[in-house]
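Visitor:
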Amino acid sequence: MNFKGTIFYKGEQGYEEARVGRVFNHLRPKRYPIAVFFPEDEQDVIEAVKYANENSFKIAIRAGGHSWAVWSVRDEGILLDLKKLNNISFNSETKIVKAQPAVRNLDLSPYLEQHGLMFPGGHCPTVALGGFLLQGGQGWNARGLGWAAEYIEAMDIVTAAGKLVRADATQNTDLYWAARGAGPGFFGVVTCFHLRTLPHPKAMMASTFIFPTSEAEPILKWMQEIHASVSIKVEMVVIGQTVPELEGVSGSNIPVIIVHALTFDDTEEESRKSLAPFENCPVMEKAYVKKSYYFTNFKEQFDLQLEANPEEHRWSVNSAWLEGSPENVSKTLSPAFITLPNPKAFSLWYSMAPLRPIPDTMAFSLQTDIYFASYVLWEDENEDEHNKTWLKNIMNHIEPITAGQYLGDSDFRAHGRKFVSDANYQKIQQIRAKRDPKRLFHSYLANPDTVINKNDFEINV
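By my numbering, the letter at position 320 of the sequence shown is numbered 321, and the numbering carries on one by one without gaps.
#1: Between the alpha carbons of Ala103 and Phe373, how many angstroms are there, rounded?
#2: Helix, strand or coil for Gly182? Go by DSSP, reduced to three states.
#3: Inspect the beta-carbon positions of Ile158 and Leu176 and report whether they are closer than 7 angstroms.
#4: Could you tell me whether the region 305 to 317 touches the region 200 to 214, using the rule of 3 or more Cβ pairs below 8 angstroms?
#5: With distances taken Cα to Cα, identify the nearest neighbour of Gly137 among Lys439, Thr127 and Ala149.
#6: Under a three-way DSSP split, which group does Glu18 fall into?
#7: Inspect the beta-carbon positions of Trp72 and Asp412 and report whether they are closer than 7 angstroms.
#8: Applying the criterion that 16 or more other CB atoms from any shown protein chain within 10 Å of the CB defines a buried residue, is Glu151 buried or exposed?
#9: Could you tell me the boundaries of the beta strand (DSSP E) in which Gln427 lies?
#10: Hey, could you find the ends of the beta strand (DSSP E) Asn26 is sitting in?
#11: Can you give me the C-alpha to C-alpha distance between Ala364 and Lys435, rounded to a whole angstrom?
#12: If you draw a straight line from the C-alpha of Phe188 to the C-alpha of Leu118, how long is it?
#13: Less than 7 angstroms between the C-beta atoms of Lys419 and Gly405, yes or no?
#14: Kindly indicate which residue of Leu199, Arg181 and Gly131 has the alpha-carbon position closest to the one of Thr95.
#15: Assuming Leu196 and Phe120 form a contact by the criterion Cβ under 8 angstroms, report the distance between their Cβ atoms to the nearest whole angstrom.
#16: In angstroms with no decimal places, state the Cα-to-Cα distance between His387 and Asp267.
#17: Is the Cβ-Cβ distance between Arg32 and Asp76 less than 7 angstroms?
#18: Can you tell me the Cα-Cα spacing of Pro342 and Trp391, whole angstroms?
#19: Return the first residue and the last residue of the alpha helix (DSSP H) that Lys274 is part of.
#20: Can you give the Cα-Cα distance for Trp141 and Asn56, rounded to whole angstroms?
#21: So what's Pro360 in DSSP terms, helix, strand or just coil?
#22: Using the C-alpha atoms, what's the distance from Asn319 back to Gln430?
#23: Per DSSP, Thr160 is paired with what?
#24: Going by beta carbon distance, what residues of the same chain come within less than 6 angstroms of Asn470, once the five residues before and after it are set aside?
#25: Cβ atoms of Gly186 and Ala129: under 7 angstroms apart, would you say?
#26: Quick check: what's the CA-CA separation for Met353 versus Gly6?
#27: Just reading off the alpha helix (DSSP H) that Gln306 is part of, what are its end residues?
#28: Starting from Asp385, follow the alpha helix (DSSP H) in both directions and report where the run begins and ends.
#29: With a CB to CB cut of under 6 angstroms and the five nearest residues on each side skipped, what residues in its chain are close to Tyr10?
#30: Using a Cβ-Cβ cut-off of 6 angstroms (strictly less than) and excluding sequence neighbours within five positions of Phe296, which residues of its own chain qualify?
#31: Just to confirm the assignment, what range does the beta strand (DSSP E) spanning Tyr469 have?
#32: According to DSSP, which residues form a beta bridge with Ile8?
#33: Whose C-beta lies closer than 6 angstroms to the C-beta of Met2 among residues of the same chain, with five residues either side of it excluded?
#34: Based on Cα-Cα distance, which residue from Ser348, Ile220 and Leu83 lies nearest to Lys287?
#35: Let me check understanding here. Comparing Cα to Cα, which of Asp423, Ala168, Lys455 and Gly123 lies closest to Arg414?
#36: Just how far apart, CA to CA, sit Phe4 and Val74?
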């Protein structure tokens with residue numbers, strides 16, 4: 002094997018750091034690959050895949066290590082850590098950016114901004130492109146700009162046979178289709194993404210309102226009633242969280258409901274018009290804080306995300322695509338926003354309305370007009386059971402309004418949920434049977450009795 006990079010075999014010094022040192026979730030898995038490979042370049046990836054084939058080892062892939070369930074750390078086989086595949090280049094004529102899988106949103110956003118461009122990457126700046134794009138890519142203003150995977154013009158992929166190929170709309174179209182939505186079930190190693198970019202918005206503005214938790218249900222109901230009519234230049238969210246303190250409010254660690262609207266317009270006039278509907282919140286007189294029409298930028302928004310997503314914490318996260326009337330959804334969902342298990346946890350309501358059709362040219366295929374996710378983080382391992390149980394109970398509670406989930410915020414070991422259409426899941430498996438007949442690549446991490454791509458609460462009903 003002509004591998005130039007570094008290899009750490011189980012039992013060797015440095016193995017444990019190689020195994021989980023780049024794992025964001027400090028709820029570390031007790032799963033142990035035979036070795037961790039750090040390739041230097043694409044040729045090293047090819048060598049590693051050939052080595053795995055020759056020795057009948059399975060392969061799991063890590064781009065950034067940010068998956069909540071830690072998809073990449075599996076028992077036995079090889080963990081292929083793409084840490085060093087982090088190059089970016091830009092074609093000023095085509096406006097296509099080439100980015101390798103370990104490139105983070107924190108790297109790509111300022112790089113493109115200097116060219117007057119943006120890419121609808123992930124909100125959390127430390128997330129890498131690899132897993133994010135393979136799962137569909139719910140990025141900035143997805144309700145207006147669409148899924149980040151839609152912006153993939155081409156991919157360079159090392160196949161299970163150890164060959165480097167280009168996949169796009171004209172060649173290796175099966176891989177191009179499957180890679181955009183199969184997530185950790187994809188059967189190849191993407192070594193480079195060729196991404197279409199967009200003009201950078203010239204007048205990003207926001208409005209933020211903070212309310213007591215008593216207003217959670219009416220706010221969730223009102224947001225669902227209006228969100229389809231709000232300009233598609235606006236990203237709109239409702240957040241349930243705890244803030245350390247608020248001016249004019251006694252005490253500390255105050256549970257609140259936050260409404261945050263962010264525009265992607267090009268003029269102040271357009272941004273103000275886009276944000277105007279939020280001034281009509283029916284419980285505005287109850288607001289602790291009312292901050293309207295202020296200018297912002299990606300750096301400020303990333304800083305907020307870094308604050309909400311700190312390093313060195315234990316995490317339990319899950320999500321759901323929701324459907325139902327505003328009355329039913331708001332009533333069913335509000336406990337997730339007002340009963341948080343600790344002061345660091347937070348829950349998110351995210352609008353996707355008016356719902357854009359998903360192109361049939363990619364595997365990603367499941368969405369509704371409301372996305373919900375709950376992010377439970379803590380530091381003390383003695384609190385593991387308390388926090389995981391709270392999230393499990395919340396996800397069970399919202400089953401009547403759940404249609405499925407997004408792979409990026411999922412853990413099949415906690416809840417089995419649908420993430421693509423039935424037809425697309427079958428097609429993914431058919432392509433895999435052709436492209437990876439020996440099942441060289443690990444697939445979805447789940448419990449032995451989990452039926453993949455099924456809502457577990459609907460099985461045997």
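Even glycine gets a Cβ: it sits at the ideal position worked out from N, Cα and C.
Note that the coordinates shown come from a computational prediction; the quantities given were computed from them, not determined experimentally.
Guide: Well, looking at it:
#1: Answer to the nearest angstrom: the Cα atoms are 27 angstroms apart.
#2: coil
#3: Cβ atoms of Ile158 and Leu176: closer than 7 angstroms.
#4: no
#5: Cα-wise, what sits closest to Gly137 is Ala149.
#6: Reduced to three states, the DSSP call for Glu18 is helix.
#7: No, they are not a contact pair.
#8: buried
#9: No beta strand (DSSP E) contains Gln427, which is instead part of the alpha helix (DSSP H) from Asp423 to Arg436.
#10: Run containing Asn26: none; DSSP gives neither H nor E here.
#11: 16 angstroms
#12: Spanning the two alpha carbons is a distance of roughly 32 angstroms.
#13: yes
#14: Leu199
#15: Going by Cβ atoms, the distance from Leu196 to Phe120 rounds to 6 angstroms, so yes, they are a contact pair.
#16: 46 angstroms
#17: yes
#18: 6 angstroms
#19: Glu269 to Leu276
#20: 42 angstroms
#21: coil
#22: 24 angstroms
#23: Thr160 has Gly189 as its beta-bridge partners, per DSSP.
#24: Since the first residue of the chain shown is 2 and the last is 462, residue 470 is not available in this structure.
#25: no
#26: 42 angstroms
#27: Phe299 to Ala309
#28: Going by DSSP, Asp385 is part of the alpha helix (DSSP H) stretching over Asp385 to His398.
#29: Ala36
#30: Met206
#31: What is shown of the chain runs 2 to 462, which leaves residue 469 out entirely.
#32: Phe38
#33: Glu48 and Tyr52
#34: Ile220
#35: Considering only alpha carbons, the answer is Lys455.
#36: Between Phe4 and Val74, the alpha-carbon positions lie close to 21 angstroms from each other.
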